[in-house]
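K.L.:
Those protein sequence lines, which keep their order, are chains A and B. Here this note's numbering is used: the first residue of the first sequence is 271, the next is one more, and so on. Here this note's numbering is used: the first residue of the second sequence is 271, the next is one more, and so on. Positions of the beta carbon are idealized from the N, C-alpha and C atoms, including for glycine. All values derive from a computational prediction rather than experimental measurement. Take a look at the following structure, please.
Number of protein chains: 2
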Amino acid sequence: MKSATAPKSPKISFKQHMLQAREEAIVQTVNRLLAEKGFDAMTVDEVAQGVGIAKASLYKHFPSKEDLAAAAMVRVLHRTQAHLQTLPAADAPLDKLKATVRWAMEVQLAGEMPSLPSQNSSLRAKLMENAAYLEALVQVSDQLGGWIEAAQKAGQINPQLPAIAVLYTLFARACDPVPGFLQASGQYSDTEIVDWVLGICFEGLNSR
Amino acid sequence: MKSATAPKSPKISFKQHMLQAREEAIVQTVNRLLAEKGFDAMTVDEVAQGVGIAKASLYKHFPSKEDLAAAAMVRVLHRTQAHLQTLPAADAPLDKLKATVRWAMEVQLAGEMPSLPSQNSSLRAKLMENAAYLEALVQVSDQLGGWIEAAQKAGQINPQLPAIAVLYTLFARACDPVPGFLQASGQYSDTEIVDWVLGICFEGLNSR
DNA sequence: GTCTATACTAGGATAGAC
DNA sequence: GTCTATCCTAGTATAGAC
Chain A
271 MKSATAPKSP KISFKQHMLQ AREEAIVQTV NRLLAEKGFD AMTVDEVAQG
321 VGIAKASLYK HFPSKEDLAA AAMVRVLHRT QAHLQTLPAA DAPLDKLKAT
371 VRWAMEVQLA GEMPSLPSQN SSLRAKLMEN AAYLEALVQV SDQLGGWIEA
421 AQKAGQINPQ LPAIAVLYTL FARACDPVPG FLQASGQYSD TEIVDWVLGI
471 CFEGLNSR
Chain B
271 MKSATAPKSP KISFKQHMLQ AREEAIVQTV NRLLAEKGFD AMTVDEVAQG
321 VGIAKASLYK HFPSKEDLAA AAMVRVLHRT QAHLQTLPAA DAPLDKLKAT
371 VRWAMEVQLA GEMPSLPSQN SSLRAKLMEN AAYLEALVQV SDQLGGWIEA
421 AQKAGQINPQ LPAIAVLYTL FARACDPVPG FLQASGQYSD TEIVDWVLGI
471 CFEGLNSR
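Here you go:
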C-alpha cells in the first residue's frame, strides 16, 4: 500500500520532519484546549498563542477551526488504536473492554481527552467529510464491536442489549462529566474515581 | 411565608398574569432551543423569533443570555420537584430513584431537557449566583441524596460508593448522549431505549 | 510558510422613540 | 414594555509583504 516515491532526499525529509513536528505541536495544543474548554470556547487565537506562531500561519496548515478539531480527534483515535494493540490477545474480551474504558478515563482525568459538542451540526458535518477521522473511528468501533459481541456470546456482557448500545455506552464513558466533577471536588484520588466509575459502568449502581 | 401585599386589584392581577404568561412563553422557547442545540448554538435572536417579540423586549424580562438559560434550568428543576412529589411515599428508595431517572430520560427523548455545557465557566458563574437555581438544585439534590443513602443502607445500592458519586451518575443520565444517539439511529422505540439505558445504569453492562 | 494588518460577520446588548 | 435601529466586541478567516 505504500506509494512508490523516489528515494527520499535528506533535505526533503528534513523539511517534512519539521513540518510534521510543527503540525504535531499544533494538534497537541488543540487537543489540550479542547479538553480544557471544549470546541466552542476554544478560539483560534488561543491555539496560535499556545503554539507560539501567528494565526495566519495556522491557517496554512489547517483550513478551518473545524479541521483543527478533526485533527485532534484523529490524534486521540490513533492513540486509542495504539492502546488497543498493547492489550494481550489472550485476555478475555470483557477484560479488554474494561481496560480500554479505564485507559480512556485516565486520559480524560489527565486533561488530554478532547471533547466536542455532540450537538454542533456544522462541526459534525465537517467531521463526517474527514476521511482520516472516519477511518480511524470505524476501525476503533469495529475492534470494540468485535469484543462486545464476543463478550456477549461468552455470557460476560448482557446479550439482550444491542451491541451498538453497548458501544455507545463505552464511548460515552470517555467524555462522561462524572469523573471530572468528582475530581473537582478534591476529595478523592484519581485511582478511586476511575475504579468507582468503571465499576458503575460494568456492575451497575446496584449491590450484587 | 407569603408577603403581606394589599388585596390585589383586578387590573394589577391581570397585568401580572399577562407578564407571567409572556415570561413562561419565553422560558418555554428557551427550553426547547437549549434541548435542540445547546447553549452555545442557541442565539438570542432565535429566542426572540420563537416567542414572536423583539430582541430588545426579551432583555426587558431577562438581562442576559445566561439568565435565559438559568430560567430554563429553574423551570426543569421545578418540573423535577413536581415529579418527585408524585412518587408514592411507600415505594422503596431504589424504586423512586429508578422512576426519576426514567422520567428524566423520557423528558430528554421528548426533546424537552435543556442541556448546558458542563465546561462554560462564565455560564456556571452566573448560575451559581442565581438564588432560584441554587435553591431548586439543592432541594432536588437533597431529596435524591436522602433516597440514595437509604437505598445504600437497605443494601439495594452499592454501599461502598460515595453517595455523591451516585448522585452525579444519576444527574448525568439526564444529559447522557446515548439515548439520543440510539433514537437517531431510528431502529428502536423510545421505550426500548429507556429500558436498556436504565438497565445499564442500575444493573451494569455485565450479565448477572 | 511566516509574519502584520485587516476584512467581514455573527451575535450579545443597548438607545431612544412610542 | 414594545418596537426599530444601532452599537460593539469577539472571533473566523484572508491579503499581501517578506
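(1) Could you tell me whether the Cβ of B:P447 comes closer than 8 Å to any Cβ of chain A?
(2) Report yes if the C-beta distance between B:V317 and B:A295 is below 8 Å; otherwise report no.
(3) Identify the residues that DSSP records as bridge partners of A:I463: which are they?
(4) How many Å lie between B:A342 and B:P384 at the Cα?
(5) Do B:P447 and A:A442 come within 8 Å of each other at the CB atom, strictly closer than that value?
(6) Apart from the five residues just before and just after A:V377, which ones in its own chain have a Cβ nearer than 7 Å to its Cβ?
(7) Measure from the alpha carbon of A:D361 to the alpha carbon of each residue in A:V300, A:L347, A:A420 and A:K335, then state which is nearest.
(8) Using three-state DSSP, classify A:N301 as helix, strand or coil.
(9) Would you say B:L475 and A:T439 are within 8 Å of each other, going by their C-beta atoms?
(10) Using 10 angstroms around the beta-carbon of A:M312, count the other beta-carbons present and answer buried if the total reaches 16, otherwise exposed.
(11) For A:R372, I'd like the list of residues in its chain whose CB is within less than 7 Å of its CB, leaving aside the five on either flank, ordered along the chain.
(12) Can you give the Cα-Cα distance for A:A369 and A:S477, rounded to whole angstroms?
(13) Report the neighbours of A:L475 on chain B: residues whose CB is nearer than 7 Å to its CB, in chain order.
(14) For the alpha helix (DSSP H) that contains B:G416, what are its first and last residues?
(15) In terms of residue numbering, what span does the alpha helix (DSSP H) encompassing A:R349 cover?
(16) When the Cα atoms are used, what is the spatial distance from A:S459 to B:R292?
(17) Mind checking if A:S455 is an interface residue toward chain B, Cβ cutoff 8 Å exclusive?
(18) Under the assumption that A:Q453 contacts A:L379 (Cβ atoms under 8 Å), give the Cβ distance between them as a whole number of angstroms.
(19) If we ignore side chains and look at the alpha-carbon of each, how far apart do B:M398 and B:A406 end up?
(20) Interface residues of chain B around A:A420 at Cβ under 7 Å?
(21) Does the separation of the CB atoms of A:A305 and A:G381 fall below 8 Å?
(22) Got a sec: is the Cβ-Cβ distance from A:S327 to anything in chain B below 8 Å?
(23) Rounded to the nearest angstrom, what separates B:K423 and A:F472 at their Cα positions?
(24) If you measure beta-carbon to beta-carbon, which residues of the region 302-317 of chain A are closer than 9 Å to chain B?
(25) Counting only beta-carbon atoms, is B:W466 nearer than 8 Å to chain A?
(26) Secondary structure at A:I427, three-state DSSP: helix, strand or coil?
(27) From the beta carbon of B:L452, is the nearest beta carbon of chain A less than 8 Å away?
(28) With a threshold of 8 Å on Cβ separation, who are the neighbours of B:V300 within its own chain once the five nearest residues in sequence on each side are excluded?
(29) Counting only Cβ-Cβ distances shorter than 7 Å, please list the residues of the region 388-400 of chain A near chain B, keeping chain order.
(30) Just grab the DSSP bridge partners of A:N476 for me.
(31) Does A:M271 have its Cβ less than 8 Å from a Cβ in chain B?
(32) Given a cut-off of 8 Å on the beta-carbon distance, is the pair A:I323 and A:L367 in contact?
(33) DSSP three-state call for B:K272: helix, strand or coil?
(34) Here's the rule: buried if 16 or more other CB atoms are within 10 angstroms of the residue's CB, otherwise exposed. What is B:L328?
(35) Considering just the uninterrupted stretch of the alpha helix (DSSP H) at A:T439, what are its terminal residues?
P.N.:
The answer reads as follows:
(1) yes
(2) no
(3) DSSP output for A:I463 lists no bridge partner at all.
(4) Answer to the nearest angstrom: the Cα atoms are 7 Å apart.
(5) Yes.
(6) M383
(7) With respect to the C-alpha of A:D361, the residue from A:V300, A:L347, A:A420 and A:K335 having the closest C-alpha is A:A420.
(8) A:N301 falls in the helix class under three-state DSSP.
(9) The answer is yes: Cβ separation under 8 Å.
(10) buried
(11) V464 and L468
(12) 22 Å
(13) Within chain B, the residues I427, N428, V436, T439, C471 and F472 have their CB atoms less than 7 Å from the CB of A:L475, given in chain order.
(14) Annotation for B:G416: the continuous alpha helix (DSSP H) segment containing it runs A401 to K423.
(15) K335 to T356
(16) Taking the straight line from one Cα to the other gives about 48 Å.
(17) Under the Cβ distance rule, A:S455 counts among the residues neighbouring chain B, one pair being separated by less than 8 Å.
(18) 6 Å
(19) 12 Å
(20) By Cβ distance, chain B contributes nothing, its closest Cβ being about 13 Å from A:A420, past 7 Å.
(21) Going by C-beta atoms, A:A305 is nearer than 8 Å to A:G381.
(22) no
(23) 22 Å
(24) E306, K307, G308, F309, D310 and A311
(25) yes
(26) strand
(27) yes
(28) M312, V317, L338, A339, A341, A342 and P384
(29) S388, Q389 and N390
(30) B:I427
(31) Low confidence applies here, because A:M271 scores a pLDDT of 42, under 50, leaving its location unreliable; read the following figure in that light. Not closer than 8 Å to any Cβ of chain B, the Cβ of A:M271 fails to qualify, so no.
(32) The Cβ atoms of A:I323 and A:L367 do not sit closer than 8 Å to each other.
(33) In this predicted model, B:K272 has a pLDDT of only 43, less than 50, meaning its place in the structure is not dependable; the value taken from the coordinates is given anyway. Coil at B:K272, not helix or strand.
(34) buried
(35) A433 to R443
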